[in-house]
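**Student:** For the record, the sequence lines run as chains A and B. Those letters in the first sequence? Residues 0 to 277, by numbering that gives the first Met the number 0. Those letters in the second sequence? Residues 0 to 300, by numbering that gives the first Met the number 0. No residue lacks a Cβ here, since even glycine has one placed at the ideal position from N, Cα and C. Treat the numbers as computed from the prediction; the structure is a model and nothing was measured. One structure follows; several queries about it will come next.
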Amino acid sequence: MTRFLHRWFGRGWLSMGYLFLYLPIVVLVVFSFNSSRQDMVWSGFSLQWYAALLNDQEIISGLGLSLRIALLTACGSVILGTFAAFVLDRYQRFSGRTLFTGMVSAPLVMPEVIIGLSLLLMLVSVQKMFGFPERGMMTIWLGHTLLGMAYATVVVQSRLREMNKSLEEAAMDLGCRPFQVFFLVTLPNIKQALGSAWLLTFTLSLDDVVLSAFLSGPGSSTMPIVIFSRARLGLDPRVNAVAALTILVVSIGVIASSLYIARAERQRSKQLAAAAKG
Amino acid sequence: MKFFKNLIKHPGRAVVIGVPFVWLTFAFLIPFLIVLRLSFADLDSGEGGPFGSLVTVADGVMTLKVKISNYLYILEDELYAITYLNSLKFAAITAALCLAIGYPFAYFMARARPAIRPVLLMLVMMPFWTSFLLRIYAWKGILANNGILNSFLLNLSVISEPLHLMNTQFSLIIGMVYAYLPFMILPLYANLVKMDVRFLEAAADLGATPWQTFWRITVPLSKSGIIAGTMLVFIPAVGEYVIPELLGGPETLMIGRQLWDEFFTNNDWPLASSVTVVVILLILVPMAIFNKYQADQEARK
Numbered sequence: 000m001t002r003f004l005h006r007w008f009g010r011g012w013l014s015m016g017y018l019f020l021y022l023p024i025v026v027l028v029v030f031s032f033n034s035s036r037q038d039m040v041w042s043g044f045s046l047q048w049y050a051a052l053l054n055d056q057e058i059i060s061g062l063g064l065s066l067r068i069a070l071l072t073a074c075g076s077v078i079l080g081t082f083a084a085f086v087l088d089r090y091q092r093f094s095g096r097t098l099f100t101g102m103v104s105a106p107l108v109m110p111e112v113i114i115g116l117s118l119l120l121m122l123v124s125v126q127k128m129f130g131f132p133e134r135g136m137m138t139i140w141l142g143h144t145l146l147g148m149a150y151a152t153v154v155v156q157s158r159l160r161e162m163n164k165s166l167e168e169a170a171m172d173l174g175c176r177p178f179q180v181f182f183l184v185t186l187p188n189i190k191q192a193l194g195s196a197w198l199l200t201f202t203l204s205l206d207d208v209v210l211s212a213f214l215s216g217p218g219s220s221t222m223p224i225v226i227f228s229r230a231r232l233g234l235d236p237r238v239n240a241v242a243a244l245t246i247l248v249v250s251i252g253v254i255a256s257s258l259y260i261a262r263a264e265r266q267r268s269k270q271l272a273a274a275a276k277g
Numbered sequence: 000m001k002f003f004k005n006l007i008k009h010p011g012r013a014v015v016i017g018v019p020f021v022w023l024t025f026a027f028l029i030p031f032l033i034v035l036r037l038s039f040a041d042l043d044s045g046e047g048g049p050f051g052s053l054v055t056v057a058d059g060v061m062t063l064k065v066k067i068s069n070y071l072y073i074l075e076d077e078l079y080a081i082t083y084l085n086s087l088k089f090a091a092i093t094a095a096l097c098l099a100i101g102y103p104f105a106y107f108m109a110r111a112r113p114a115i116r117p118v119l120l121m122l123v124m125m126p127f128w129t130s131f132l133l134r135i136y137a138w139k140g141i142l143a144n145n146g147i148l149n150s151f152l153l154n155l156s157v158i159s160e161p162l163h164l165m166n167t168q169f170s171l172i173i174g175m176v177y178a179y180l181p182f183m184i185l186p187l188y189a190n191l192v193k194m195d196v197r198f199l200e201a202a203a204d205l206g207a208t209p210w211q212t213f214w215r216i217t218v219p220l221s222k223s224g225i226i227a228g229t230m231l232v233f234i235p236a237v238g239e240y241v242i243p244e245l246l247g248g249p250e251t252l253m254i255g256r257q258l259w260d261e262f263f264t265n266n267d268w269p270l271a272s273s274v275t276v277v278v279i280l281l282i283l284v285p286m287a288i289f290n291k292y293q294a295d296q297e298a299r300k
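Here you go:
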């Protein structure tokens, strides 16, 4: 009897939890097909908000800018994060290590408003001194990469720590130069971590609104900035349409990647079995 | 001197350390030094405004002008103390509710059949990949006066007129718990799924009821997961800006929003800088102490 209760209580709790997590997502999608502008009263099926989206220059150009920044951020963060993770994992002693460790991880705990504010103040002072840079795409990239690097470092560092170091030693013994060891042995070993760090920082940048708001200039509004300014004013069904499309893309991506991983896994076990037999 | 000797001896190493170091110095350290410096400046002091030099040389006399009235103002004005305490309060409530909902959730996830665990885990992580901003925006539609929750309750005749839920403490906390719940569930799940079931069997064999086993074995063993989850929720919640702005109301002042307003609405950069410095001290110093305490505990083990 208690076992039975335990099981059903568990199922109930999980269902309620998932309902809570997915309710807003379902609501976003359902109301993107609503025919009236009247907030949140269902009045029939329609695709008009998707059509409206096609003519919404603000959102379209915002999306273009966001994608470009996210691409650059992901690449920059992974490169810098790999450097930082390598330093943290391999160089235990150098002058300034404590400062270095602090600076790498601080963006993770610092409120974004504070990071944005201090970067903006720096940009303004640099501008006063040298007359550049104008606020825009590159300044947003600067902020996103600072934050993205911190996340990439965590991901890459944990993989580096687990990695079998004797592989590198063997390569070294066989006469590899240090940079050859890195590119031929270390990098292939951590490439999965680099991939997930890339995806993580890409989404992080695509989603960020606070840093972008501080660092963007006139005429360089990313998509989250556009959405945020509309969401502040009230409800806008075009935002729902954006959300539904995002969810569609993400679901396809997640399903495709999990199928890919499952297939790779099956092939690996097949190969292992074949190797054991042969 | 040693630094330069090392630089010549191991140029590769110097480059590897140097690249991220220089980047962080320019993108992180210098901005904070500028904030610190600006926090002592005057909004409309002579040449260069707040960015003018603090040190001036006139008639062969060097004067260092440091204005501390920003800090005094923060100390005197009750608003800042209230805002800061409010931020701590809302972050604590959020963390507590996330723990109360997330712990049983992670527990049942970890006790589910191994075959379905990856699916359950993926379902928790999926919302992460959809925009945070859009998911918070969705709550506006749910909680609004003519929103989904109200029309649902009205149709069921549970209530006779719409409840006012938006822009209250309630909507703020719902939004915060919603946004941060996965951050609590994931470390707890990682911890609980690794737990050695034999401890629980041993406790049952020795006559403990399931309730006793849970409180005296499971919970103490998952302490590190509880701490990790709570920190992951509490720390970002203190400085949160987007959720209070979209779902909060006039009585839910929080420090992130206060800073934003000081900066963009009032345009008082020196004051905003002082608030920043104070917040950094109030958030980071306790955290550093906590980290050191944890490291010491680990070392003792």
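Going by the DSSP bridge assignment, what does A/N33 pair with across the sheet?
**Tutor:** For A/N33, the beta-bridge partners assigned by DSSP are A/F44.
**Student:** Using a Cβ-Cβ cut-off of less than 9 Å, list which residues of the segment 90-111 of chain B approach chain A; keep chain order.
**Tutor:** I100, G101, P103, F104, Y106, F107, M108, R110, A111
**Student:** Assign B/E46 to buried or exposed, taking buried as 16 or more other Cβ atoms, counted over all protein chains shown, within 10 Å of its Cβ.
**Tutor:** Only weak support is given to the placement of B/E46: the predicted model assigns it a pLDDT of 48, under 50, and the value that follows is read from those uncertain coordinates. In this structure B/E46 is exposed. Its beta-carbon is surrounded by fewer than 16 other beta-carbon atoms within 10 angstroms.
**Student:** Excluding sequence positions up to five away, which residues of its chain have a Cβ less than 7 Å from the Cβ of B/F104?
**Tutor:** So the list reads I184, once near-sequence residues are dropped.
**Student:** Does any residue of chain A bring its CB to less than 9 Å from the CB of B/M286?
**Tutor:** Cβ-Cβ to chain A under 9 Å: yes for B/M286.
**Student:** Should B/E239 go down as buried or exposed, given a rule of 16 or more other Cβ atoms within 10 Å for buried?
**Tutor:** With 16 or more other CB atoms across the displayed protein chains lying within 10 angstroms of its CB, B/E239 is buried.
**Student:** Name the residues in the segment 83-95 of chain A whose C-beta lies less than 8 Å from a C-beta of chain B; which are they?
**Tutor:** A83, F85, V86, Y90, F93, S94, G95
**Student:** So, does the CB of B/G45 fall closer than 9 Å to a CB anywhere in chain A?
**Tutor:** For B/G45, the predicted model reports a pLDDT of 46, less than 50, meaning its position is unreliable and no value from the coordinates is stated.
**Student:** May I have the straight-line CA-CA distance separating B/L245 from B/R116, to the nearest angstrom?
**Tutor:** Inter-residue distance for B/L245 and B/R116 is about 34 Å (C-alpha atoms, whole angstroms).
**Student:** If you draw a straight line from the C-alpha of B/V21 to the C-alpha of B/V14, how long is it?
**Tutor:** Straight-line Cα distance between these residues: approximately 10 Å.
**Student:** Rounded to whole angstroms, what's the CA-CA distance from B/I100 to A/L234? Just pull it up for me.
**Tutor:** 29 Å
**Student:** Check whether the segment 168-180 of chain B touches the segment 69-85 of chain B, taking contact to mean three or more Cβ pairs, one atom from each stretch, closer than 8 Å.
**Tutor:** Taking 8 Å as the limit for Cβ pairs, the verdict is that the segment 69-85 of chain B does not touch the segment 168-180 of chain B.
**Student:** Given that B/A201 touches chain A, what residues does it touch there, using C-beta distances under 8 Å?
**Tutor:** Within chain A, no residue comes near B/A201; the closest Cβ sits about 19 Å away, beyond 8 Å.
**Student:** Determine the chain A residues that contact B/L122 at a beta-carbon separation under 9 Å, and present them in chain order.
**Tutor:** Y17, L20, Y21
**Student:** In chain B, which residues lie with their C-beta within 8 Å of the C-beta of A/V103?
**Tutor:** Going along chain B in sequence order, the residues near A/V103 (Cβ under 8 Å) are P19, L23.
**Student:** With 16 other CB atoms within 10 Å as the buried threshold, where does B/N265 fall?
**Tutor:** B/N265 comes out exposed.
**Student:** Less than 8 Å between the CB atoms is what I'm expecting for B/T217 and B/A203, so what's the real figure, rounded?
**Tutor:** Actually they do not touch by this definition, with Cβ atoms about 12 Å apart.
**Student:** Alpha carbon to alpha carbon, how far is A/E264 from A/L258?
**Tutor:** 10 Å
**Student:** From A/L22, A/R237, A/S117, pick the residue whose C-alpha is nearest to that of A/L214; which is it?
**Tutor:** A/S117
**Student:** To the nearest angstrom, how far is the alpha carbon of A/I114 from that of B/V278?
**Tutor:** 12 Å
**Student:** Please go through the same chain and pick out, in chain order, the residues whose beta-carbon is closer than 7 Å to the beta-carbon of A/D211, but skip the five residues on each side of it.
**Tutor:** According to the sequence as given, residue 211 of chain A is Ser; it is not Asp. Cβ neighbours of A/S211 beyond the five flanking positions: I139, T221, P223, I224.
**Student:** In this structure, does DSSP put A/Q91 in helix, strand or coil?
**Tutor:** coil
**Student:** Could you tell me if B/V34 is buried or exposed, where buried requires 16 or more neighbouring beta carbons within 10 angstroms of its beta carbon?
**Tutor:** buried
**Student:** Let me know if B/Y177 comes out buried or exposed under the rule of 16 or more other beta-carbons within 10 Å of its beta-carbon.
**Tutor:** buried
**Student:** Figure out for me which residue from A/N188, A/L122, A/G95 has the closest Cα to the Cα of B/I29.
**Tutor:** Restricting attention to A/N188, A/L122, A/G95, the CA atom closest to the CA of B/I29 is found in A/L122.
**Student:** Tell me whether B/H163 sits in a helix, a strand or coil according to DSSP, three-state version.
**Tutor:** coil
**Student:** Would you kindly report the start and end of the unbroken alpha helix (DSSP H) that includes B/A227?
**Tutor:** 222-237
**Student:** Straight-line CA distance for B/E261 to B/D267?
**Tutor:** 6 Å
**Student:** Please check if any C-beta of chain B sits within less than 9 Å of the C-beta of A/V40.
**Tutor:** It does; some Cβ of chain B falls within 9 Å.
**Student:** Between A/S34 and the rest of its own chain, which residues show a CB-CB distance below 8 Å, the 5 nearest in sequence each way excluded?
**Tutor:** Closer than 8 Å at Cβ, skipping near neighbours: S42, G43, F44, S45, Q47.
**Student:** Quick one: is B/A26 buried, meaning 16 or more other Cβ sit within 10 Å of its Cβ, or exposed?
**Tutor:** Buried, by the Cβ-count rule.
**Student:** Using a Cβ-Cβ cut-off of less than 8 Å, give me the residues of the segment 226-254 of chain B that come near chain A, in sequence order.
**Tutor:** I234, P235, V237, G238, E239, Y240, V241, E244, L245, I254
**Student:** Between A/R89 and A/K164, what straight-line distance do the alpha-carbon atoms span, to the nearest angstrom?
**Tutor:** 10 Å
**Student:** Give the residues of chain B in contact with A/T245, contact being defined as C-beta atoms less than 7 Å apart.
**Tutor:** T129, S130, L133
**Student:** Which whole-angstrom value describes the C-beta separation of A/F82 and B/V18, a residue pair presumed to lie in contact below a C-beta threshold of 8 Å?
**Tutor:** 5 Å
**Student:** For chain B, find out if any of its Cβ atoms is closer than 9 Å to the Cβ of A/W12; answer yes or no.
**Tutor:** yes
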